[in-house]
Amino acid sequence: MTLVNIKKLEDCIDGSMIFKYSFNEKIDETLMKKLGEKGKLQYYPDFPRPFFKITTADGVQVKGIIGDDNFEVVFPRTNNRERKKNFETNLEKMIR
Amino acid sequence: MKPTNKSLCPIYLNNAATSFPKPPGMGEEVASFFEKIPRHPGRSGAGAGDILFLCRTELARLIKAKDPRQIVLCKNATEALNIALHGIGLKKGDMVVTSALEHNSVLRPLYLLEKKEKIKIQIIPCDTQGRVIEEKWTRAIDQLSPRLVILNHASNVTGAVNNPGKLLKDAQKKGCLTLLDASQTLGLLEIDAAETGADMVAFTGHKYLLGPPGTGGLFVKEGIEIEPVFVGGTGIRSDLKEMPPEMPGRLEPGTPGIPLFAGLLHSLNWQKEHPVPLKELETLTTTLEQGLVEMGAQVIKVENHRTPIVSFCLPGWDLEETGYILDKSFNILCRTGLHCAPLIHTYIGTAPEGSIRFSLSRFTGREEVDYTLETIKTLMKANDAG
Numbered sequence: 001m002t003l004v005n006i007k008k009l010e011d012c013i014d015g016s017m018i019f020k021y022s023f024n025e026k027i028d029e030t031l032m033k034k035l036g037e038k039g040k041l042q043y044y045p046d047f048p049r050p051f052f053k054i055t056t057a058d059g060v061q062v063k064g065i066i067g068d069d070n071f072e073v074v075f076p077r078t079n080n081r082e083r084k085k086n087f088e089t090n091l092e093k094m095i096r
Numbered sequence: 001m002k003p004t005n006k007s008l009c010p011i012y013l014n015n016a017a018t019s020f021p022k023p024p025g026m027g028e029e030v031a032s033f034f035e036k037i038p039r040h041p042g043r044s045g046a047g048a049g050d051i052l053f054l055c056r057t058e059l060a061r062l063i064k065a066k067d068p069r070q071i072v073l074c075k076n077a078t079e080a081l082n083i084a085l086h087g088i089g090l091k092k093g094d095m096v097v098t099s100a101l102e103h104n105s106v107l108r109p110l111y112l113l114e115k116k117e118k119i120k121i122q123i124i125p126c127d128t129q130g131r132v133i134e135e136k137w138t139r140a141i142d143q144l145s146p147r148l149v150i151l152n153h154a155s156n157v158t159g160a161v162n163n164p165g166k167l168l169k170d171a172q173k174k175g176c177l178t179l180l181d182a183s184q185t186l187g188l189l190e191i192d193a194a195e196t197g198a199d200m201v202a203f204t205g206h207k208y209l210l211g212p213p214g215t216g217g218l219f220v221k222e223g224i225e226i227e228p229v230f231v232g233g234t235g236i237r238s239d240l241k242e243m244p245p246e247m248p249g250r251l252e253p254g255t256p257g258i259p260l261f262a263g264l265l266h267s268l269n270w271q272k273e274h275p276v277p278l279k280e281l282e283t284l285t286t287t288l289e290q291g292l293v294e295m296g297a298q299v300i301k302v303e304n305h306r307t308p309i310v311s312f313c314l315p316g317w318d319l320e321e322t323g324y325i326l327d328k329s330f331n332i333l334c335r336t337g338l339h340c341a342p343l344i345h346t347y348i349g350t351a352p353e354g355s356i357r358f359s360l361s362r363f364t365g366r367e368e369v370d371y372t373l374e375t376i377k378t379l380m381k382a383n384d385a386g
């Protein structure tokens, strides 16, 4: 799996930033669970298209759909650049 | 049990933003324009075959204007409102009264005029349903003698419809200029410009008129003078250094979006033959509202006169996240947030985040409402389980 694009979606009123991460393959439960190890995972497998949300220990939120080729990540206001860098470093390790 | 979207098509509940679908053939009408040799765009009063003239005529008929030339064609309601607000000649110290349920298309031009021209603005509160509090409105007009009042015909957040026949007419009798924002109502509700006491009516073509985005207009009552905000070519009296005095061309410089107005005309003609089934639409809206209440959603309940909008919050679910899940997991398109009307939320209890908004149209079916309710039930249960 390769990360093919990172696109900024929004600067929120509260100062947080939302980015969309796109991959060359569909997101599956394996990747979701790996991401989930970094924090709290909420998973709704019974939805017609299963939804997951992960809140990492440093407050980064990942939300997506199993079977999509992208997910969205919200980086909180404080230290958001550093958090983004850390998140991407971890993500690269997971998908390698 | 998973809700089943039998059609597998997205369920579109964002009609208060832009309506979908459009009447059959509208898209083809717009597209066909690019296959034809462009003729002179034509201006007001041009021949019967002129699309703009016919469009103006139909719009004039809808709001019972005496003369199609009282309709200024614009690209949307925002442009119409800006033409009215910047062109009506507000000066330093002039008081403008408006309401807490206004859209940013009214508020932002007013804030700009407050900053640049030093006008004064008085915002009248609304009740918990999103309707202007009439006593406060009347008192403000009595005490402040505003130069201009602006009223949203119906809230784009809750669907509550105001009574311009009283609120604007009272203001008009007291010598105020009056402007009605009918973006959420024209095509859905009867509007008689004279009866409502509106000197000006701003509207958009892409919501309940079922036309393409990029269309809208401004009704200007005879005798109301608006200075052009935009100037340029008009196709007539090109020797003049200023915009010609004739309406509506005076306020319509530049080449208009004729293909889009051809689409709007198509939709207006279609609607003439297919009137909105208001009763059915109201029943469907009430069914949706009632169903949400029964499931424990925090619904902004609206009584009496309303447009087909239901605004609510879901306990335990983040607003934006709910919109994301409805779209991505359940194929339901709606809108979440402030809906470009930032002030109303303080009064209806949804500040600071806003609400989830379902907005129906004449094309929304019972099956779609049932699926939507089943979906909300699933979300509530999932939340309980989590």
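Those protein sequence lines, which keep their order, are chains A and B.
Just so you know, we're using the working numbering here: the first sequence kicks off at 1 and counts up by one.
Just so you know, we're using the working numbering here: the second sequence kicks off at 1 and counts up by one.
Here a beta-carbon is modelled for each residue, glycine too, at the ideal position from N, C-alpha and C.
Remember, it's a predicted structure, so these values are computed and weren't measured experimentally.
- Distances from the CA of residue 379(B) to each of 135(B), 314(B), 287(B) were compared; the closest alpha carbon is that of 314(B).
- Between the alpha carbons of residue 95(A) and residue 76(A) lies a gap of roughly 24 angstroms.
- Taking all protein chains in view, the Cβ of residue 199(B) is crowded by 16 or more other Cβ atoms within 10 Å, so the residue is classified as buried.
- The beta carbon of residue 45(A) does not come within 8 angstroms of any beta carbon belonging to chain B, so the residue lies off that interface.
- Taking 3 residues as the shortest admissible run, the stretch 162-223 of chain B contains the following complete beta strand (DSSP E) segments, listed from N- to C-terminal end: 177-181, 200-204, 216-220.
- Taking one beta carbon from each stretch, the stretch 12-25 of chain B and the stretch 49-62 of chain A have fewer than 3 pairs nearer than 8 angstroms; the two do not touch.
- Taking the C-beta atoms as reference points, residue 59(B) is found no nearer than 8 angstroms to residue 51(B).
- Any Cβ of chain A closer than 8 angstroms to the Cβ of residue 238(B) would place that residue at the interface, and such an atom is absent.
- For residue 63(A), the three-state secondary structure derived from DSSP is strand.
- In the DSSP assignment, the residues bridged to residue 306(B) are 160(B).
- Counting along the chain, residue 151(B) sits inside the beta strand (DSSP E) bounded by residues 148-152.
- Chain-ordered, the chain A residues with CB closer than 8 angstroms to the CB of residue 321(B) read 53, 63.
- When 105(B), 172(B), 360(B) are compared, the shortest CA-CA separation from residue 277(B) is found for 360(B).
- In this structure, residue 302(B) and residue 185(B) do not form a Cβ contact; the two beta carbons are roughly 14 angstroms apart against a cut-off of 8 angstroms.
- Taking each of 80(A), 31(A), 28(A) in turn and checking the Cα distance to residue 59(A), the smallest one comes out for 80(A).
- For residue 356(B), no CB of chain A lies under 8 angstroms from its own CB, so it is not counted at the interface with that chain.
- For the stretch 65-88 of chain A, the beta-carbon criterion of a distance under 8 angstroms to any beta-carbon of chain B is satisfied by 65, 68, 72.
- Each residue's CA atom was taken as its position, placing residue 211(B) and residue 37(A) some 50 angstroms apart.
- When rounded, the separation of the alpha-carbon atoms in residue 310(B) and residue 326(B) is 15 angstroms.
- In the three-state reduction of the DSSP assignment, residue 86(A) falls in the helix class, which pools H, G and I.
- Nearest to residue 57(B) by C-alpha distance, out of 298(B), 299(B), 266(B), is 266(B).
- Contact check for residue 103(B) against residue 341(B) passes: the beta carbons are separated by less than 8 angstroms.
- The residues 244, in chain order, have a CB closer than 7 angstroms to that of residue 237(B) in the same chain once the five nearest residues on each side in sequence are set aside.
- In the DSSP annotation of this structure, the continuous segment of the beta strand (DSSP E) that includes residue 357(B) starts and ends at 355-359.
- Here the alpha carbon of residue 371(B) sits roughly 20 angstroms from the alpha carbon of residue 355(B).
- Shortest Cα-Cα distance from residue 335(B) to any of 349(B), 320(B), 297(B) involves 320(B).
- In the DSSP assignment, residue 295(B) falls outside any alpha helix (DSSP H) and carries neither an H nor an E.
- With a cut-off of 8 angstroms on Cβ pairs, the stretch 158-177 of chain B is not in contact with the stretch 108-116 of chain B, counting fewer than three such pairs.
- Residue contact check for residue 166(B) against chain A: no CB pair falls below 8 angstroms.
- Selection 94(B), 358(B), 225(B), 275(B) evaluated against residue 83(B) yields 225(B) as nearest (Cα-Cα).
- A distance of 8 angstroms or more separates the beta carbons of residue 167(B) and residue 187(B).
- Distance check between residue 202(B) and each of 54(B), 322(B), 85(B), 23(B) places 85(B) closest, using alpha-carbon atoms only.
- In this model, residue 291(B) and residue 373(B) are separated by some 6 angstroms (Cα to Cα).
- Around the beta carbon of residue 304(B), fewer than 16 other beta carbons lie within 10 angstroms, which makes this residue exposed.
- Excluding five sequence positions before and after residue 362(B), the CB atoms of its chain that fall closer than 7 angstroms to its own CB belong to 276, 277, 281, given in chain order.
- Pairing residue 135(B) with residue 34(B), the inter-Cα distance amounts to about 53 angstroms.
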